[in-house]
Structure formats: structure tokens, C-alpha cells
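The block underneath contains the structure these notes are about, expressed in C-alpha cells.
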Amino acid sequence: MPRANRHAPLRPNALSLRIPEPRERPGEPLDFGNLRLSRPGALPRPPLDATAADIRDLAYGLIGVLTKDGRAVGPWNPGLPVQVLERGLRAMMLTRAYDDRMYRAQRQGKTSFYMKCTGEEAVAVAQALALAADDMCFPTYRQQGLLIARGYPLAEMMDQVFSNGRDPLKGRQLPVLYSARDFGVFSISGNLGTQYSQAVGWAMASAYKHDRRIAAGWIGEGSTAEGDFHHALTFAAVYRAPVILNIVNNQYAISSFHGIAGDADAPFASRGIGYGLPALRVDGNDFLAVFAATAWAAERARANLGATVIELVTYRAAGHSTSDDPNVYRPPEEAKIWPLGDPIDRLKSHLIAEGAWSEERHAELEKTLIEEVRAAAREAEAVGTLGVGDKPSSATMFEDIFRDQPWHLREQRQQAGV
Amino acid sequence: MPRANRHAPLRPNALSLRIPEPRERPGEPLDFGNLRLSRPGALPRPPLDATAADIRDLAYGLIGVLTKDGRAVGPWNPGLPVQVLERGLRAMMLTRAYDDRMYRAQRQGKTSFYMKCTGEEAVAVAQALALAADDMCFPTYRQQGLLIARGYPLAEMMDQVFSNGRDPLKGRQLPVLYSARDFGVFSISGNLGTQYSQAVGWAMASAYKHDRRIAAGWIGEGSTAEGDFHHALTFAAVYRAPVILNIVNNQYAISSFHGIAGDADAPFASRGIGYGLPALRVDGNDFLAVFAATAWAAERARANLGATVIELVTYRAAGHSTSDDPNVYRPPEEAKIWPLGDPIDRLKSHLIAEGAWSEERHAELEKTLIEEVRAAAREAEAVGTLGVGDKPSSATMFEDIFRDQPWHLREQRQQAGV
Amino acid sequence: MPAMNMVQALNSAMDCMLERDENVLIYGEDVGYFGGVFRATEGLQKKHGQERCFDAPIAEGGLIGVAVGMGAYGLRPVVEIQFADYIYPAYDQIVSEVARLRYRSAGQFSCPITIRAPYGGGIFGGQTHSQSPEALFTHVAGLKVVIPATPHDAKGLLIAAIEDPDPVVFLEPKRIYNGPFDGHHERPLTPWAKHPDSDTPPGYFTVPLGRARTVREGGAVTVLAYGTMVHVALAAAAETGVDAEVIDLRTIWPVDIAAITASVEKTGRCLIAHEATRTSGFGAELSALVQERCFWHLQAPIERVTGWDTPYPHAFEWEYFPGPARVGAALRRVAETR
Amino acid sequence: MPAMNMVQALNSAMDCMLERDENVLIYGEDVGYFGGVFRATEGLQKKHGQERCFDAPIAEGGLIGVAVGMGAYGLRPVVEIQFADYIYPAYDQIVSEVARLRYRSAGQFSCPITIRAPYGGGIFGGQTHSQSPEALFTHVAGLKVVIPATPHDAKGLLIAAIEDPDPVVFLEPKRIYNGPFDGHHERPLTPWAKHPDSDTPPGYFTVPLGRARTVREGGAVTVLAYGTMVHVALAAAAETGVDAEVIDLRTIWPVDIAAITASVEKTGRCLIAHEATRTSGFGAELSALVQERCFWHLQAPIERVTGWDTPYPHAFEWEYFPGPARVGAALRRVAETR
Ligand SMILES: Cc1ncc(C[n+]2csc(CCOP(=O)(O)OP(=O)(O)O)c2C)c(N)n1
Ligand SMILES: Cc1ncc(C[n+]2csc(CCOP(=O)(O)OP(=O)(O)O)c2C)c(N)n1
Ligand SMILES: [Mg+2]
Ligand SMILES: [Mg+2]
């Protein structure tokens, strides 16, 4: 029986290999036993100068603010003004509308590849709002919300996705691997994990220059297994770097579940404990909790107290990318009954509960944003889509290898006849 | 003022970089503040099936059995028969005598390089005795005690150190990078850290084959910063591999102290916590404590309960290797006043306290062992030392790249005229 | 014999070895329940059990480090690196451990592992899903590097690699997983089923490592190629009418030097084609070898047609890929130089 | 000008750049208080302060990952990898990040970092303290690879590397740190002080990257070498009496192609020497380049004298090292082939 782990040894006292399996596969009953939930408002908010040792428990619970009925409770409630909440809601909704549009564009053959962050919007958006505009971000491909929350032009994001003639990256990168120096977003790598220690290096540089800016890095729970994750935490601890090290636990790598990355016996947040770093485990679909935890870590880093590890527990509601069908490896209904709900719905309910929002205004806003995206798409598509219309000149293929083009690249450009 | 960390920011609220510094440098007062000691016998010995979560505290204390006056106390006292203690004492003393001889041989130009484990003998020797003879060891270059405790012929070890005609490794490896398959000791790598995940792989294979043998890996505290360390703990946790992951914290890498490897705010043992692995912090100069902790972890692994992380706190009393002078970077008197003392002296005092040993017998034994080493050295040196006497045939240089020699190596051997 | 595409052939090879040898096991990112992002291990977990084919953490260095330990125990792990572009985190374990273990232990330990990795361009994968890093392994003493160009060879070579007593880096030209892509991206891809080399025995068989295959006999120019470039070279020969002798190296290291020199001594001319960046690519070694051994037979300079010395840019898939036009032009130059 | 050995020259270069540019900082294993295992950073922490030159954890991948972030901020980190043999854990960061950052970000970010690493054999360091991995970097688009052969060039090139807007892998032939070792291990080493190229300006100066230096003019054979092999080649020329033109490449990539072709067109013969293993070593690229560009001038096959395709074995230091005897014999062959 292949699925079953042969824990029952064949011979008395014989060893056996444990292969972690998710609690649910297509066609099986659902059970979120390993989620380690806490009641919203239940966990304390320690003082900034608390030592990592004082607050180890925060790595094992789940920091939350929003209750089921949309109220904001407990010490982590950031008490944000409505305008900020509306900005956050808008950015999350815009991110989702953007994703939907680009996903369809890929399906229509306008580009080669796309990745959505549906269900995870609170992570990048709330964190973008909690950070200063000039703090430096080292994201993965799933934090497009950072760019959107920081006001990066949608049409330019699309230019990159289409590799068209206006693509700021000159058609060199796979779709969604943006780079936006002027918006404090580092060039996104196709290689998992590498940005994590780079974020620490940037933070060390900021400290070295007695600057005030801090850095933030993001990594998926699956990628925490890479050596770069360990290097980042080690260097951050040793040099007390002003950096926030985020682990986005959206439950899946591509097809493999979080257990394959090693959280069967300890949550990812607790990885920080062994380095003496404060570690917070946060409801990543709770906009207020994400904002509050990030603000706490940012204040701490700016006070020269060093790095914080934050695990953001969320759920990847869409496929990993346009290249996979998630229903092959997980139950299709899982997303709908995900215990932590949807970040947009939850912030919306909160605003409504606060009397600051309504279903009508929500529907209205949604329409506006879809229109905004459509307009941007029209603009970008008018320039070109992958293989159609205007594209970067082929000569640029041989540029930016070095600042100055050496003889061999000049020669190759000539051979290419461009 | 170079030495001082500029923690006081230059501008109000400006960040600054923390560069860890040891509490002592040559010519400065000594202080072992970061040692996190516990009273011998003070820490509990949990049941084998305790969960990692139950026993986190053991990563922060220091498991000890031997008191200052040589008594064995507390739940971790393995209650070993005198014969076993005498075997351990003998192997530790033989290891030290061997090191002294080989160190002098290098100084006399008989080989290129040597590394002593003086002050750390209890680690490898007690662990060798606590493991089964066919458990597989993946050591670093500083666990020569494993070979000696398992009865590997001294003369053959010397053949390797001298790269002579009888060197089982055919003169291919730097001195001390032994390999002894028949003694359950894996080929020692010159590249730090790599053996750690390999040990986990061997353990996974043993579990896969429903075998009963377990594996043990060793890594220096400095090398825990390598990605392999993280890979080893991750894979061990995910697949519940029957392996013991030892961290030998001898306080120094080459010149850099433990703080540069990142234990300022958390001991190395606690790294295991974030993976959900039981983690023990042990007095590495306490033979009984090292034996007991290792036996506990081995029993646990054999019971299919998975891996244990063990930090062995010890002190590198000699230089890193024959290539460095430790007095340049640490106070010469530090070794003498090291709070955890010397493992051989401590086991000796215990045996004497038990009435099973005496200064006379000790001196006697020491003489015998020095003679044993001298005899082996005579034998090995008679065969050859580096560059003198019999050496492996040059043709062997082109063998064992692959099992079968391909055309290009045949050709190169001919060009070399051998 | 059944017609297989390359993915089916690789799957069949692993299925066959899981059946024959209980010391063979397979792991890698997404290879278990899901069957791999390219489906190469599809169904193997269900058929052979979880311990025989399972998912692993995203840590290529860990994947290989663990394989070294398994090999030392006596297993024959087959590790999938999801894309060759992601093999670098494992580079230290491969170079310092996998390649050197037999040597440094004087044969006490060996490393009979197989590292599978899809490689090469032509799929709009951008710079991190299109790389051809073979030369980074041919420079390392102790590694064999194998690259199949047909389903039949993919199966026979993979079985030979798994059974080999030494480590094999097995690079799979993913662009030809489904059909013999010849660089004509503007035309529909002919499926393998229509190609004679898709005939693949359903059971156990091997294609010996270290032997090249002459896929087209000719007298004018020797073309040395491997992987997708074999099919591009054939197209270029057909289209230019140059009477080229096209050699599929199959095992690029240790390379079949006898087959190469015999052909160049016959033709007196040589063209080398690969997708990898030009500088210090494997073409450089081939060029040096041919020049050293066939100098007095050479009637024209040996040429290399390769990827440019740039990352593989997403928007310039076909400007970067050394297709039949570039190979054809070089073929003419080499053939016509007097 | 003061006579410096190579370690003093490197130390002087870093001292000078720490003085001139506060964005320059140095870190690595044991480089701080201790001053590095080869003493290259001796005294720099004491003089410039802890934040300018400090110890780092033993994690080469971390050292480089952190440097990428520092470079993105605007610093110019100089990272010491204790031995080139230990650079592989950083290989992913170097290949996938350092080399590609400017390209993939279309110039938004660059990576002005310098990676220093002692390399090469001749010190009885065994297989993990003797390697020459240069070709593993010349194959990677986006990296410059520099190898000095004298104290004067070591200082001038290191300053140029630190000031270069792009990443430089700076490999230091540790065998000639203290003197121009020519392969005659049986003789006492002449210290640099007795060698004219030890004259090194005490202050700031640069030796431009990308330019080779002809260290011996000759008409019979062009010898392409770098690092320790430059001195071995000179010895071989002197001892064989072959009128060799010895070119010290200094920057091996991008290589000074004009200097190479000019010389080979003059001599019609070419010998390439390096310590690295032969197959896919940088000599293969040099051989291919010369053959492609100077084919009609060549009067004899280009030869390569290199390390063997084995790890560097402890007991066979001099059987492995391509010394003056092997280089001299090849020099004669190349010169005398008719
Ligand atoms: C070094 C490396 N290995 C493998 C891959 C292939 N890959 C791309 S995304 C992915 C899954 C990542 O999962 P996770 O880290 O959880 O991030 P998520 O996609 O869930 O946001 C894999 C295996 C890669 N891009 N880089
Ligand atoms: C990958 C790698 N990097 C650097 C070195 C050089 N090196 C050899 S031993 C050593 C210090 C190791 O310290 P630690 O891990 O504490 O072990 P110890 O020597 O104290 O037993 C260093 C940096 C190496 N051998 N391998
Ligand atoms: Mg994930
Ligand atoms: Mg140590």
C-alpha cells in the first residue's frame, strides 16, 4: 500500500524511513490539525527591547487581531486610521485584479508564464504599509503586492510581464521577476533563497553607514530548506543586522506541502530561536496582525536591536504558477474552507463592522480597480506582448553583462547581425 | 579606537554594525561569562520518547555528571563499570600521546601538516564507546579519538600522516584526513561541513533498508554556519533519520571565537529546536556526561524516534593546526584556567575517587602508551615519511578517479612516464 | 517496439531499475506524489511505494549531500534536480565530495549516484530555466557527463548511468522531451512517435556510456553535437546540402575520442555546436582535442556555434538559440574554406 | 620604490583603498584581528577599525550573498575566500547572482565586489588547498577573472579590481606570495626582494584590467601563462634555449586577445600552460581562440601543459605540478615540429 508510511518495522526493532504526507490529498477528508492556531488577541505584544529568550512562545502561537465577526482585538491591534485600512484594502484588491488579468493574458498566449499571489495579498500589502517607503525589500516572485502598494505603475509591471519594447528589464527576465530600484524593490531572482542573505547584507551596509533605513527579505516556507536561509539568519544574528526576515508559509512549495520543508515537529518561525532572534508567528491573512508584527520588527530594527524572524501563515489559493494544476495534488475544496479565510474578505468585514465600509462601496471599488487594470493592460498591450508588436532591440541582448562591453561581446553582437 | 564596537550611534537614532569580539584577547583579563554552566547532576534525564518540545530547556543548560571532587552525580550518571572507564581513560591518553608524537613529527619535517585534539579527547572517545561498533561515523579532522577507541592500528594512522608507501589512502590525502571503512569511519573531507548531511543520508539509507545501525556526524561550532549544517538538520527532521548530530564547540574556529559563528544570543544546541529535534548541551570534558548523552541519543535513534542534536562544550587546548600560533589571537593562560578542566584529569580523578585508580598506575599507563606510540612511529617511519623512503607508486595517482581508467587518464599516465 | 517520447523513456528506465534493484531509490523536488514538473517520475511512487520515490526539501545541496551518504551505505540514489539552472547550490557537494570520494578514500567508498537534470533552452524559460552548464562538470575530475538525444538512448543511457559504479551527471535536453526539435520554432513540432529513434524496448537494456553515435554519415565536415543540437545539426546539413558527418556524442565526458578523430581525419574539417555560452564551454575542449590530434588533417579552422556569452534572455529565445540558420552558415563556411 | 612581496603588495592595495574610499570594507574568515591565514589583511583592522575589516562566519555562500546586498546598497566589499578550494559553497551566489545582477536588472543594480582567493599548488596542501578553479568562472558570463604574477601587478590589479564597476574574481597564486617560484622545488626560493617586479609604489596606482604583459620577447613560440606558471615558463625558456615569447595574461577574462593573436601571428606556434586540470581548463578556451584566429599562421599544433585530470595528491606534489621539465619538453616539441 504505497501511500501508507511503513512505520511498522518489518523486523522487530528494525528502523524505517518516515516520508511526511499531507493530511489531505484529492478525494480525502480535510483536516488542518497542524495549523497551531491561537485565539485572536490572545498573545502578548512584548516591549521592543524584550530579548529573544523572553518571547520564544510567540514562535509557537499565532498572532492575530481580527475576530471571526470582524472586530479588532488584543495587544497587537495597531489601531490604524480608516484611511490606512482603505489604502490597504484597495492595494490588496488591485493586486488581485492585476493577477487575474495577467493570468488570463498568459492563458491567451500574450506571455509565457505567470504567478498569482491570490489569498496572500495581506502579506506584501500590509508589510509595504508598515515599512518606510525607502526601506529596501528583497522579495520573492510572490510579493507583487509590494510594488502595487508602493504605487509602481501597473502598465510598467505589465511591460515586464510581456517583455515588450517598454519593459524596464529589456525583455531579459521571466515574467514577474520585476526589479524596481526607485521603489526600493530588489531585482527578483529565479533562484530560490538567494535574496535572503542579500537582504541581510544590505541591512549590514545600512548599519555600516550609520543610515536609518532597514531591509526586509521574504522567502517561501519551501525555500527555507536552502542554505541561504541559514546564512541569512546566521549573519543577521552575528552582526545584529537591521533586517526583517519574513517566511511566507502558504502551505505549499509547488506540489509538496509544508511538511516536506520540515515543520512537522516545529513551526517555521521557531527556526529563529536557535539563532537568538525574536521570532513571531502571525496570521498572514489578518491584515492588522501582519501590519502590527511588521511594525514591531521594523521599530526594533531601527532602534538598533537587530533582526526579527516573522512566519506569515497564509494559503496559496491559486496554482503555484500557470504551469501546474493544483487539483492534481491537493483537494480543490481546501482553499474554500481554509481556516484563516481570505485576507480581503476579512479586512472588508472589519471595515464594515467599524461602519466605515459597505458592500456597495466594495463592489464599486472592485469595478473601478478592474477598469484601472484594464486600462493599464490596453496601454501595455498596445506597446506589445511576448512575440507580438514592439520588443526591445536585439542589440540590448549583449549589453549590461559588464558596464563596458568587452571585445568578445562586441564581436558576438556583430555575428548576431544586430 | 579599533577594538571598541561603535554601539553608540554617531547620529541620533543612526544604525550601527555590531562586530562580535571575544571577552578576552592576549593581555586582557579572562572571563567565561558566555559559558552558560549548570551544576553537575542538576539537569533531568528525560524518557526516550519525550518530544523535542518537552525538553527544550536541555539546549540551554549544560548536562554534567562529574563534580569538582570527582564524584559522579545526577540522573545522567551512566553508572559505567570500571573496565569501561579504564578503556576510555586509556583511549584518551593514547590519543593525546599520539597527537604529541605526530605534532613533533611535523615539526621535525616528517610531514607537511598536523592537527591535535588536545583537551577534546572525551568527545570522540566517550562517543565511540557509547555507539555500537558498526554504527557509522562521519567525523571532522578532530575526532581521531574515534579511530583510536575503535582499535585502528596506530602505525596505519601514521602511514597516512606520512603519506608513505603503506598509506591506505595512497598518499592522496592531507595528513589526518583518514578513511577507515572497516572501522565505520567515513572518509574525512578537507571541506568543512559536507559530512554532516552525508551522515543523515547514510542514516536514511539504514532506515530505508530496515537496518539497525545508526549514523553519527560531527561538526565544529565554527562550521555550523555552512549550509550543510542546515541541510542536515532539515533532512534529519523531515525523514526522522536515525542519526546523532554532534556540534563540537571547542570555542574557536581557526582564530575566530564562537561568537563569530553566532552563539552570542543562543547556544549552538538550541539550533536544533527550530527543526523540532531534541537538543542536548553537554559538558564535553565530562567523559560520563558525553557517554550518557550519546547513549540516550543512540537508543532514541535505534527506537526509530529520529535524530538528536548534541552540543559538546569543550576547549581546543592546542593551536588549530601546525600552521597557526594561538597565542597571537587568544590569551595563552586561557587553556589552563578553562572552567571545564581537562577531560583526562577529570576522569582520572573520578577513578581515583572511586578507589579504582591511582597516580602510580596513571603514570605507569602513560609510560606504556608513550612507548606504544613510539613503537608504532618506529614502524611507520621505517616505511617512510613525507618525501623520504618508500612512497606509493606514482602510477596510483591516476587510479580511482573512476573504477575503470578511461582513455584520457591512461594517456596522461603515459605522458607522466609512470 | 513501443514508441516512447523522451519523458516516457526516462520514466520507463527508472521504473525498470526500481523493479530490478531495491538499492535504487528516487527523490527530488516534487518527484513523489506529483511525479515531477516534467512528469518523468509519474506513477513511480504509486507503483513502487513511498520510500522508493519521494519528495524532498528544496535544498539541492542537501539532496546531493544526502545522496553521498546513501551511496556510501550501498544504495544507488537517482536524484532529480528540477532544472539544471538550480544545480549550483549543490556544486560544492558535487565537486568536493561526489567527484572525489573514490579517489580520496582510495576506493574504500564510492559514489554510485545519478544526478538527473533537465537543461537547455528553447522553452521561453528565461535565464533561470534554460541553462546548459555541462562544461562546469566536464572540468571536474571524477564525473561522467551524459546527454541523450533520443528516447531510445535516454532510456538505455539512464539505465547504464544508474548501474555505473561512479557518479553520473545526466543532463536531459528538455526541449526534445516531446519531439526532435530541430530549431525550426516556426513549424509545428513533429512528435517522437513519428521518429525511428522513439522505438524503445519496454524492458531492461543499456546503451554503453562513453560511446558516440554517428547519426549521419558524410565526407565534407564533421559536426560534433549533443542533445537538442544533434537535431539542429541534422536540419542544417539537410538544408545546406553540405555532406556533413553528424556525431551525437551522447556521453560528453569521457568523450568517445576515437570516433571523433576517425571522422575528422576523414573529413579534414570540424564544426562544434552547443547551446551553452561560448567561452570555456565544452566546445572549447572539443576544439582543443581535435586540433591537438588532427592538426595535420585540418583543411580549415575548427568553428564553434554556441550560445552567446550572455544569460539566456526571455524575449530573445530565438536570437539566442543557435538554430539551423547559424549552424548552416557555419557549416558552409567550414566546408567551403580553401 | 619599496620592494614588496606579494602578500605585502596585496595588503598595501587594501590599505590604500580603505584609506581612499569609505565604501570599501573587507571581511572573511580570520581576516580581522588575526589578519588572515596568509597575513594579507594583517594590521588593517587595527588601523582602520573593526567595521572596515572583520571576521565572518564560515559560510562562503553567506559571505558572497551578503556582499551582493552590500554592493546593491553602494558599498564595495572585498571578500576573502580562505582558499579557492572553498569557493564552491558560494558558487550559486556567484553564478546566479553576482554575475547576473547588472544584466537581469537592466543596470538598476550592479555588483562591484571583489572576491579574493589564494589558489594553486606547490605547497603540499593536498587536494583541498591546491586547486586552480579559474575555468569555472571564465565560463560564467558577467565575471572578470584576474590573476597576478608579480607583487607590482598584484597591487595594481587589486586596486583596479576594487574600483571596477563589476564583480572580479581575484585569484592569488599563493605559491609565489613570497617569491617567484619557478617550479624548481629542489632549489631555495629567491625572495621577491631580489626580483625587479617587487618594486611597488607605496601609494595608489592601478594596472588596468584586460591587458596582458609580455614578460619575455621571442620569435619561436608564444607561451600563454598566468600566475605561478609565468615563472615556470620563463625558467623553461631559459633552460631549453627556445626563443619563446612569454605572455603573462594577468586578466584571464576578458582576455587580451589582441596581444595573443599578434604574438602567435609572429611566432606561428603556441604553448599554453596552467596548473588546473586539463579537461575543460582555461587552456582549452585559449587553444580554441588561437586556432580560430591564427589557423593559417600555425606551423605546429598548439599544445597544453596542465595539471592532470585528477585531484591534487598530497604525496605527488611535483609529479602533479607542471614544472619546468614538462613545460620545457613541450616547448621543444612545439618549437621543433616541422
Ligand atoms: C534553487 C531553486 N530550486 C528550485 C527551483 C524551482 N522552484 C521554483 S518555485 C518552487 C517552489 C517554492 O516554494 P516556496 O518556497 O514555498 O514558495 P511559494 O512558491 O510557495 O511562494 C520551486 C521548487 C528554483 N526556482 N530555485
Ligand atoms: C568550506 C571550508 N571553508 C574554510 C575552510 C578552512 N578551515 C579549515 S578548519 C577551519 C576552522 C573550523 O573551525 P570549527 O568548525 O570550529 O572546527 P575546529 O577546527 O574548531 O574543530 C577553517 C575556516 C575549509 N576547510 N572548508
Ligand atoms: Mg510556499
Ligand atoms: Mg571549533
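Residue numbers (our numbering), protein chains in the order written: chain A, 5 to 422; chain B, 5 to 422; chain C, 9 to 346; chain D, 9 to 346.
Think of the CB as a built atom: it goes at the ideal place given N, C-alpha and C, for glycine as much as any other residue.
Pick from the options that is closest to residue i, judged by C-alpha positions
{"i": "residue 339 of chain A", "options": "A/21, A/20, A/28 and A/17", "result": "A/28"}
{"i": "residue 90 of chain C", "options": "C/102, C/46, C/25 and C/73", "result": "C/46"}
{"i": "residue 48 of chain A", "options": "A/269, A/80 and A/375", "result": "A/80"}
{"i": "residue 158 of chain B", "options": "B/65, B/374 and B/408", "result": "B/374"}
{"i": "residue 428 of chain D", "options": "D/96, D/77 and D/52", "result": "The first residue shown for chain D is 9 and the last is 346, placing residue 428 of chain D beyond what the model contains."}
{"i": "residue 245 of chain B", "options": "B/102, B/108, B/208 and B/335", "result": "B/208"}
{"i": "residue 311 of chain B", "options": "B/53, B/46 and B/333", "result": "B/53"}
{"i": "residue 391 of chain A", "options": "C/193, C/273, C/172 and C/94", "result": "C/193"}
{"i": "residue 177 of chain D", "options": "D/138, D/146 and D/287", "result": "D/146"}
{"i": "residue 20 of chain B", "options": "A/182, A/206 and A/405", "result": "A/206"}
{"i": "residue 318 of chain A", "options": "A/409, A/121 and A/415", "result": "A/121"}
{"i": "residue 219 of chain A", "options": "D/214, D/116, D/338 and D/81", "result": "D/81"}
{"i": "residue 44 of chain B", "options": "B/344, B/404 and B/174", "result": "B/344"}
Any non-hydrogen atom of ligand 5 within 8 Å of residue i CB
{"i": "residue 94 of chain C", "result": "Here the bound small molecules are ligand 1, ligand 2, ligand 3 and ligand 4; ligand 5 is not part of this structure."}
Cβ separation of residue i and residue j, assumed to be a contact under 8 Å, to the nearest whole Å
{"i": "residue 388 of chain A", "j": "residue 169 of chain A", "result": "5 Å"}
{"i": "residue 243 of chain A", "j": "residue 83 of chain D", "result": "Not a contact, Cβ separation roughly 14 Å."}
{"i": "residue 278 of chain B", "j": "residue 277 of chain A", "result": "5 Å"}
{"i": "residue 198 of chain B", "j": "residue 232 of chain B", "result": "6 Å"}
{"i": "residue 229 of chain B", "j": "residue 67 of chain D", "result": "4 Å"}
{"i": "residue 232 of chain C", "j": "residue 184 of chain C", "result": "With a Cβ gap of about 18 Å, residue 232 of chain C and residue 184 of chain C do not count as contacting."}
{"i": "residue 105 of chain C", "j": "residue 193 of chain B", "result": "6 Å"}
{"i": "residue 379 of chain B", "j": "residue 86 of chain B", "result": "That belief does not hold up - the Cβ atoms of residue 379 of chain B and residue 86 of chain B are roughly 27 Å apart, past 8 Å."}
{"i": "residue 105 of chain A", "j": "residue 381 of chain A", "result": "6 Å"}
{"i": "residue 149 of chain D", "j": "residue 318 of chain C", "result": "5 Å"}
{"i": "residue 79 of chain D", "j": "residue 121 of chain D", "result": "5 Å"}
{"i": "residue 20 of chain D", "j": "residue 163 of chain D", "result": "6 Å"}
{"i": "residue 280 of chain A", "j": "residue 63 of chain A", "result": "Contact flag wrong, Cβ pair sits at about 12 Å."}
Residue j beta carbon less than 9 Å from that of residue i
{"i": "residue 326 of chain B", "j": "residue 130 of chain B", "result": "no"}
{"i": "residue 130 of chain D", "j": "residue 311 of chain D", "result": "no"}
{"i": "residue 288 of chain A", "j": "residue 126 of chain A", "result": "yes"}
{"i": "residue 150 of chain B", "j": "residue 351 of chain B", "result": "no"}
{"i": "residue 70 of chain A", "j": "residue 257 of chain A", "result": "no"}
{"i": "residue 140 of chain D", "j": "residue 284 of chain D", "result": "yes"}
7 Å Cβ cut-off: residues of chain E touching residue i
{"i": "residue 411 of chain B", "result": "Chain labels in this structure do not include chain E; the protein chains are A, B, C and D."}
Using a Cβ-Cβ cut-off of less than 8 Å, list which residues of the segment 115-129 of chain C approach chain B; keep chain order. 115, 116, 117 and 118
Closer than 7 Å to ligand 3: residues, by C-beta to nearest heavy atom, in chain order: A/224, A/225, A/226, A/252, A/253, A/254, A/255, A/256, A/257 and A/320
For the segment 156-177 of chain C, which residues have a beta carbon sitting closer than 8 Å to at least one beta carbon of chain B? 173 and 174
Residues of the segment 190-212 of chain A with a CB closer than 7 Å to any CB of chain B: list them in chain order, please. 208, 210, 211 and 212
Name, going along the chain, the residues of the segment 246-280 of chain A whose beta-carbon falls closer than 7 Å to a beta-carbon of chain C. 257, 258, 259, 260, 264, 265 and 266
According to a CB-to-CB cut-off of less than 8 Å, which residues of the segment 216-233 of chain B neighbour chain C? 219, 231 and 232
Identify each residue in the segment 303-333 of chain B for which the Cβ-Cβ distance to at least one residue of chain D is less than 8 Å, and report them in chain order. 327, 328, 332 and 333
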